[in-house]
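**Q** I have a structure I would like to understand better, so I am pasting it below and will then ask my questions one at a time.
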Amino acid sequence: MTDVKGAAVAAQEKPAERSESSDGRRVGAVGRPGERSELRVAGRRLRGSSRVRNAVLWDALRTVLDRIAPEGPSDVVDVGGGTGGFAVPLAELGHRVTVVDANPDALAALERRADEAGVTVKAVQGDAVDLLDLLGPDAADLVLCHSVLEYVDDPAAAVRALTATLRPGGSASVLVAGQVAAALHRAVAGHFDDARHVLTDPDGRWGDHDRVPRRFTRATLADLVAASGLTVGELHGVRIFADLVPGSLIDAEHTGRGHGGETSAADALIALESIAAVHPILRELATQLHLLAHK
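Numbering-wise, the sequence shown is residues 0 to 294 according to numbering that gives the first Met the number 0.
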C-alpha cells in the first residue's frame with residue numbers, strides 16, 4: 000500500500016497544479032454565516048490566501064458537524080491526516096479526533112502540534128484500507144478523507160473501509176484533486192498538450208512526470224462513493240478562483256467599497272468562492288472537489 004502522506008507531500012507543486020496534502024499549511028476557518036470577515040480556527044484569525052483556499056471546506060464541515068452532533072462533540076477520524084491541519088483545530092473545538100496515517104514522522108509532528116495547542120488527538124499508524132481493523136466498525140460520526148484517494152493503490156477499497164468505520168447516520172468528507180481544473184491550469188500555463196492529455200487520460204494525469212497518480216470528476220467521485228453504499232450528498236468546488244489569481248491580490252488589505260461597504264480582497268474572493276462552490280458548472284473547474292456522503 001502506498002504511504003499516503005509521503006506520496007501527498009511528494010506531490011506538492013505550485014497550488015494551481017496540485018491537490019494539497021493534509022499538512023500544516025491546510026488550516027481552516029470555523030464560523031457562522033455572516034462571520035466570514037473574521038474567519039478563525041479556535042480563536043486564531045486566518046489571513047489572506049490560507050483562509051480563502053479553505054473557507055468553503057470549513058463551512059461545509061461546520062454544517063455537517065452541526066447536523067451530526069448539535070449538542071455535543073463528535074468522534075472524528077481523519078484518514079491521512081498527517082500533521083493535524085484539520086485534526087488539531089477540530090480537537091480545539093471539542094471534538095474527539097483520531098488521525099490514521101501511514102507516516103510515523105507525520106504522526107510525531109501531529110503529537111507535537113497537539114501538545115502545543117493543549118489538546119489530545121489520538122494518532123494511529125496505518126493505511127486507509129485498514130481502517131476497519133485499526134478502529135473497528137461504527138467508530139466515527141465523521142470521517143475525513145482529504146487528498147488521499149488520489150494516492151492509494153485501491154480507492155474503492157479505501158472508501159469501503161471508511162464506510163464500515165462510520166456509524167449509522169454518520170458522514171464522510173471526501174476531498175480529491177479535480178481533473179478538469181488540472182487541464183485548465185496546464186493550458187493557462189501554456190502546456191496545451193498536457194491539458195489535452197489530462198482530459199483524455201483515464202486517471203486524469205498530464206504525463207509521466209505528473210506527481211498526482213489520479214484525479215476525479217464529479218461523476219467519477221460520486222460513482223466511487225456510491226458504490227461503497229454511502230448516500231451521495233452535495234458536491235462543493237474548492238479553490239475555483241483562488242488558484243487563478245495572484246497571491247498578492249488575495250493578501251491586499253482592501254479592494255474599496257462593494258455592495259456591503261469596504262471589504263478586503265480576501266473577503267470578496269471568499270464570498271465569490273462560496274457561491275461558485277455549488278454552481279453546477281463552475282464547481283467542475285475547482286482545483287479540489289469536496290463531496291459529503293452519508294450512511
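All C-beta atoms in this analysis are idealised placements derived from N, C-alpha and C, irrespective of residue type, glycine included.
1. Please name the residue in 236, 279 and 94 whose C-alpha comes closest to that of residue 121.
2. Could you work out which residue in 114, 108, 132 and 100 is closest to residue 144 when comparing CA atoms only?
3. Could you please give me the residues that DSSP links to residue 236 through a beta bridge?
4. Counting only the same chain and skipping the five closest in sequence on each side, list residues whose C-beta sits under 6 Å from that of residue 77.
5. What three-state label does DSSP hand residue 295 in the structure shown?
6. Answer yes if the region 191-203 comes into contact with the region 222-229, meaning at least three C-beta pairs across the two stretches below 8 Å, and no otherwise.
7. When you compare each of 96, 232 and 153 to residue 289 by their alpha carbons, which one comes out closest?
8. Between residue 238 and residue 191, what straight-line distance do the alpha-carbon atoms span, to the nearest angstrom?
9. Taking just the CA atoms, how far does residue 53 sit from residue 263?
10. Taking C-alpha atoms, which residue in 79, 63 and 80 lies nearest to residue 72?
11. Look up residue 248 in the DSSP assignment and say whether it is helix, strand or coil.
12. By a C-beta neighbour count over all protein chains shown, 10 Å radius and 16 as the cutoff for buried, is residue 60 buried or exposed?
13. Inspect the CB distances between the region 131-141 and the region 103-112 and report whether three or more fall short of 8 Å.
14. What whole-angstrom Cβ distance do residue 298 and residue 234 have, given they're in contact under 8 Å?
15. Taking Cβ positions, are residue 67 and residue 170 nearer each other than 8 Å?
16. In its own chain, which residues sit with a C-beta less than 8 Å from the C-beta of residue 204, not counting the 5 before and 5 after it?
17. Could one say the Cβ of residue 175 lies closer than 8 Å to chain D's Cβ atoms, at least one of them?
18. Rounded to whole angstroms, how far is the Cβ of residue 241 from the Cβ of residue 51, which I believe are closer than 8 Å?
19. Tell me which residue opens and which closes the beta strand (DSSP E) that residue 167 is part of.
**A** Let's see:
1. It is 94 whose Cα lies nearest to the Cα of residue 121.
2. Checked all of 114, 108, 132 and 100; the closest Cα to residue 144 is 100.
3. Under the DSSP definition of a beta bridge, residue 236 partners with 288.
4. Around residue 77, the same chain offers 85, 86, 98 and 143 as residues with beta carbons nearer than 6 Å, after the five sequence neighbours per side are excluded.
5. Since the first residue of the chain shown is 0 and the last is 294, residue 295 is not available in this structure.
6. The way I'd put it, the region 222-229 doesn't touch the region 191-203; fewer than three beta-carbon pairs between them come closer than 8 Å.
7. Ranking 96, 232 and 153 by Cα distance to residue 289 puts 232 first.
8. Distance from the CA of residue 238 to the CA of residue 191, rounded to the nearest whole angstrom, comes to 22 Å.
9. Between the C-alpha atoms of residue 263 and residue 53 there is a straight-line separation of about 17 Å.
10. Of the listed residues, the one whose Cα sits closest to residue 72 is 63.
11. Looking at residue 248 - three-state DSSP - the assignment turns out to be helix.
12. Buried is the label assigned to residue 60, since at least 16 other Cβ atoms lie within 10 Å of its Cβ.
13. Segments in contact, no.
14. Residue 298 lies beyond the range of the chain shown here (0 to 294); nothing can be said about it.
15. Yes.
16. Result list for residue 204: 196, 197, 211, 212, 213 and 214, in chain order.
17. The structure shown has no chain D; it contains just one protein chain.
18. The beta carbons of residue 241 and residue 51 sit about 5 Å from each other, so the pair counts as a contact at 8 Å.
19. Bounds of the beta strand (DSSP E) holding residue 167 are 165-176.
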